[in-house]
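Participant: Structure in C-alpha cells, see below.
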Amino acid sequence: MTQRSKREDDGSVRYVTLGCARGGKARKRITNISKPRPTTKTDCKARINAVLADDVLHITTVCNAHNHGLSPQKARFFRCNRAIDDSVKRQLDINDKAVIGMAKSFNALVVEAGGFEKLPFIEKDAMNYIDKARHLRLGKGGADALRGYFERMQYKNNGFYSSMDLDDESRLKNVFRADARSRAACLISSENTETFVWLFDTWLKCMDERAPKAIITDQDRAMKNAIAIRCVYDSQTSDEFEKSWEVFIDTYNLKENAWLQSLYSEQMYWVPVYLKNTFWAGMSTTQRIESMHAFFDGYAHSETTLKEFVDQFDNALRKKVENEMAADFHSFNCTVPCISHLPVEKKFQVVYTNSKFKEVQSEVMEIIYSHCVVIKTEGAITTYQVNDQRVVEDGIKKSTLQAYFNEDECEAKCMCGLFEMIGIICRHILSIFATRDVQVLPKKYIMEKWRKDIKHRYGLIRSSYDDLSGKPAASRYSGLIKLHYQVATNACENEDNSLDMTQKLKAVNDIYTKSKPQATVASTHASIDAETGSSKKVLSPRVVRGKGRLPSKRRQTTIEKLQTKNKKAGGKRQIKNPQSRMEDELNSTESVILHDTPEAVVSQLPGTQQSVISQVNFACPGPLDD
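Now the structure itself:
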C-alpha cells in the first residue's frame, strides 16, 4: 500500500490517497538489458481518496478493482507487514555469538510462535547466516524412538509409509519412509547388492509396483573429476562423443584401463547425449547431490543422532514448503520484464514462474548466436541447419545442429534435446519460430510443471508436519479421504457393493466437477499404503567410524610445524607430466568408488542414468507422475 497526502501550512492534512502498492509504472533504470530487474508495478488503479472538510476526512473516491490477482494468505510477505521486535533481535544476536546456525534459531522462533504464518517476519529478515558443508551419517541411538515416530505418523496420516530393515541381531540397518506429499527418503548403512535390492524392493512396494522412470546417481560426478569434461558433457551428437572419446584415450594412452573400458561399454546409461529423450527436469547428478546436501544444511551434521534427525527431517520438509510458498508469492507478485519483442517470450512471462522465465530469457538472449538455414523441404516438414556458438572454458565453440519444423502442427524439434531433457525451449527452436514468424506459441512447449497459475493438488495432501488449523481446504480434504477409506474398506468385500460404490462415486464426482469454481488443478495425486509397525524390539545400529582419517588432536612442536610447512612447500614445486597426472586422478577416483552397481539390481532397473550408487535419495516433494 502507498500513501500520498498534502498538508496545510499549519501541518494539518488536506487530503490523503491510499493506493495499491502495484500502482503506477516501473521506472526504466536498467543498466544491463540482459538482466532486467523484476518489478511489482502493473499500473493498478485501486485506491481510496479522502479530503479534509470541517475537521473530518470525507471519502471522495473508492476504486476496488485491481488489475492483478490477490492473495490475502500471502500478504504477510509484504515488507510493510513484516517487523522484528527488539526481543527477537536480542535472541538472534545471542544465538549468533553462541555459533548457533540460522536454521535452529529461526526454527525455535517458528515453534514458539506456532508456525511460519504466525511470525511477523521471514527468515530473510534475520541478520545471520547458516553454517554449511555438513553431512549426515547414521548415528548411535534412537532406534526405538524412530519406530515410535513411524507408528505415530502411520496413525496420524493414512498416506505415511515406513519400513525398517534389521539384521540377525535385530539391529537397525536401513530405514525407508514416505508420505503422501514428499515421496520417499532412505538411510542406508552400506553400499552393497543386498542393501540396494532391499531399497528398490521397498520402493516398488511403497509405490504399488510402479518403477521410477529415471534414476540419478553420483558416479558421473566422480568421473567428471577424472575424464576430460568436454569429451562427455560438451558432445552434442553420438558421433562427436565417439571422436572425442577416441582422442581422449589416445592422448593419455589409456586403452588398457579396465575401468574406462567398462564405462565406455555402458555409455548409453550415463553420457548425456544418449539421454536426450528422457525428461530429467533439469536435475543433473552434481546438482542433485548438492541439492540434497543443501536440503539438510543447518538441520543435520556428523554428530546428529537418529532421534534428532527424525525431528530435523520434518523441520527441513516444513522449511521446503515455506520456501516454495515464498517463491510462489514472488512469482505471483512480481513480474520480470521481457528483453525482446517476441510474442513467444511474452507468453512465457505470463504463464511461467519467475525462475523458469529467467531460464527462457537466457535462451532468448542466445538467439543472436544461432543462425538457421533451410536444408530441404518435404511436404510440411522443413529441415534446418542451425549454426550455433557456445561459450566454453577456452573460448567460443562453434557447432552445427539439425532441427525440424512441421508447418501443419506448428511444432519444431531440435537435436540438442534441451526441451525434452529439461523442459525449457531451446534457442534453436526459438530462432526457427522467429524466422517462421510464429505469433502463437504451441501448447506443447508450455510445461504444466513450470506454470505459476497452476494449483497443484499435492498442496492439499496432509503431511507429517502440517498444521491444518490455517488450511480449511486441506482439513476438509483429509476428512473426506478418511471417510473414503472407511467406505472403500466396507465395499470391497463384495463385488456388487464395489460396483455400486464405483457408480455412485462417478455420478457424485460429475456433479461436483460441474459445480466447483474455475481453477486449474494439476492431476498429481497418488495414494500410498502404509505399512504397519512391528512389535519386535529394535536395537540401535552399531557405532562405526566414518570414512577418512581421524583428525589429530596432539599439539605439534615448533620443529614439527616447520617440517610440515617445508614438506608442503616442496610438494608444490613437483610437476608431473599430463599422462601421469591423468593416471593418478583415475586411480584416485577408482579408490573412492568402492562398489560397482550390483548386477542383480541393474538388470531390474529401467534404462536410465546408471552408475555406481553411493548415495540414493528419493526425497522428491513433487508428485510421482511428474
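The opening residue of the sequence shown carries number 13 in our numbering; numbering runs sequentially from there. No residue lacks a Cβ here, since even glycine has one placed at the ideal position from N, Cα and C. Only a predicted model underlies this, so the values are computations on that prediction, with no experimental measurement involved.
Indicate the three-state DSSP secondary structure (helix, strand or coil) for LYS425 in the structure shown.
Facilitator: Reduced to three states, the DSSP call for LYS425 is strand.
Participant: Cα separation between ARG448 and ILE441?
Facilitator: Taking the straight line from one Cα to the other gives about 10 Å.
Participant: Would you report the Cα separation of TYR524 and VAL499, rounded to the nearest angstrom?
Facilitator: Cα to Cα, TYR524 sits roughly 19 Å from VAL499.
Participant: Write down the C-beta distance between SER277 and LYS464 rounded to the nearest angstrom, noting that I regard them as a contact closer than 8 Å.
Facilitator: Contact doesn't hold; Cβ gap of about 44 Å is too wide.
Participant: Could you check the C-alpha separation between LYS526 and VAL520 for me, to the nearest Å?
Facilitator: One C-alpha to the other measures close to 10 Å.
Participant: Which residues in the same chain have their Cβ closer than 6 Å to the Cβ of GLN401, if we skip the five residues on either side of it in sequence?
Facilitator: Same-chain partners within the cutoff: TYR381, ILE408 and LYS410.
Participant: Could you tell me if VAL25 is buried or exposed, where buried requires 16 or more neighbouring beta carbons within 10 angstroms of its beta carbon?
Facilitator: When all chains shown are included, VAL25 counts as exposed.
Participant: DSSP puts VAL63 in a beta bridge; with which residues?
Facilitator: Paired residues: TYR27 and HIS70.
Participant: Report the rounded CA-to-CA distance for SER374 versus SER352, giving the unit in angstroms.
Facilitator: SER374 and SER352: Cα-Cα distance of roughly 11 Å.
Participant: Are at least three pairs of beta-carbons, each pair with one atom in the segment 249 to 268 and one in the segment 385 to 401, less than 8 Å apart?
Facilitator: No: the two stretches stay apart, fewer than three of their Cβ pairs being nearer than 8 Å.
Participant: Whose CA, out of VAL362, ARG488 and ASN509, lies closest to the CA of MET459?
Facilitator: The shortest C-alpha separation from MET459 is found at VAL362.
Participant: Between which two residues does the alpha helix (DSSP H) containing TYR264 stretch?
Facilitator: Run containing TYR264: 250 to 264, per the alpha helix (DSSP H) assignment.
Participant: In whole angstroms, what separates the C-alpha of LEU354 from that of ASP326?
Facilitator: Distance between the alpha carbons of LEU354 and ASP326: 44 Å.
Participant: Note the first and the last residue of the continuous beta strand (DSSP E) segment covering ARG189.
Facilitator: Unbroken beta strand (DSSP E) run through ARG189: 184 to 190.
Participant: Would DSSP call THR54 helix, strand or coil?
Facilitator: If DSSP states are grouped into helix, strand and coil, THR54 belongs with coil.
Participant: Can you tell which of LEU30, LEU121 and ARG94 has the C-alpha that lies nearest to the C-alpha of ASP133?
Facilitator: The sequence given here places Phe at residue 133; Asp does not occur at that position. Answer by Cα proximity: ARG94.
Participant: For VAL122, collect the residues of the same chain with a Cβ closer than 7 Å to its Cβ; drop the 5 residues on either side in sequence, then sort them by chain order.
Facilitator: These residues qualify, in order along the chain: PHE128 and LEU131.
Participant: How would you call CYS438, buried or exposed, if buried means at least 16 neighbouring beta carbons within 10 angstroms?
Facilitator: Answer is buried; the Cβ neighbour count reaches 16.
Participant: What does the Cβ neighbour count give for ASP191, buried or exposed, with the cut at 16 atoms within 10 Å?
Facilitator: With 16 or more Cβ atoms within 10 Å of its Cβ, ASP191 is classed as buried.
Participant: So the candidates are PRO454, GLY429 and GLY435; which of them puts its Cα closest to the Cα of LEU420?
Facilitator: Strictly speaking, residue 420 in this sequence is Asp, with Leu absent from that position. Here the closest residue by C-alpha is PRO454.
Participant: Take TYR416 as the anchor and find which of THR52, ILE387 and LEU430 has the nearest alpha-carbon.
Facilitator: Considering only alpha carbons, the answer is ILE387.
Participant: Do you know whose CA, among ASN170, ARG159 and LYS217, lies nearest LEU184's CA?
Facilitator: Closest option to LEU184, Cα to Cα, is ARG159.
Participant: So for ASP508, helix, strand or coil by DSSP?
Facilitator: Here ASP508 sits in helix by DSSP.
Participant: Count the other CB atoms within 10 Å of the CB of LEU275; is the residue buried (16 or more) or exposed (fewer)?
Facilitator: When all chains shown are included, LEU275 counts as buried.
Participant: What distance in whole Å lies between the Cβ atoms of TYR457 and PHE431, which are believed to be in contact at a cut-off of 8 Å?
Facilitator: Indeed they touch by this definition, with Cβ atoms about 7 Å apart.
Participant: Look at the alpha carbon of ASN169 and the alpha carbon of ALA115, and state the distance between them as a whole number of angstroms.
Facilitator: Distance between the alpha carbons of ASN169 and ALA115: 26 Å.
Participant: My output table needs one value for LYS288: the three-state DSSP class, helix, strand or coil.
Facilitator: Looking at LYS288 - three-state DSSP - the assignment turns out to be coil, as it is neither helix nor strand.
Participant: For LEU413, does the three-state DSSP call read helix, strand or coil?
Facilitator: Three-state result, LEU413: strand.
Participant: What residue does the alpha helix (DSSP H) around HIS440 start on, and which one ends it?
Facilitator: HIS440 -> alpha helix (DSSP H) spans 439 to 447.
Participant: Within the continuous beta strand (DSSP E) that includes ILE387, where are the two ends?
Facilitator: Here the beta strand (DSSP E) through ILE387 covers 382 to 390.
Participant: Could you tell me which uninterrupted alpha helix (DSSP H) segments, each at least 4 residues in length, are contained entirely in the segment 327 to 370, listed from first to last along the chain?
Facilitator: If we require 4 residues or more, the alpha helix (DSSP H) runs fully inside the segment 327 to 370 come out as 355 to 363.
Participant: When you compare the CB positions of CYS198 and LEU178, do they come within less than 8 Å of one another, or not?
Facilitator: Their beta carbons are not under 8 Å apart, which means CYS198 does not touch LEU178 by this criterion.
Participant: Closer than 8 Å by C-beta to CYS346: which residues in its own chain qualify, once you throw out the five before and the five after it? Chain order, please.
Facilitator: Correct list, in chain order: PRO50, THR51, THR52 and ASN366.
Participant: Note down, in chain order, each residue of its chain lying with its Cβ closer than 7 Å to the Cβ of CYS350, except the 5 sequence neighbours on either side.
Facilitator: Excluding residues within five positions, the ones whose Cβ falls inside 7 Å are GLU357, LYS358 and GLN361.
Participant: Determine the extent of the beta strand (DSSP E) in which ASP174 is found, giving its start and end residues.
Facilitator: The residue you asked about is not Asp; residue 174 is Ser in the sequence shown. Where SER174 is concerned, the enclosing beta strand (DSSP E) stretches over 173 to 178.
Participant: To the nearest whole angstrom, what separates the beta carbons of ALA58 and CYS32, a pair I think is in contact under 8 Å?
Facilitator: With a Cβ gap of about 4 Å, ALA58 and CYS32 count as contacting.
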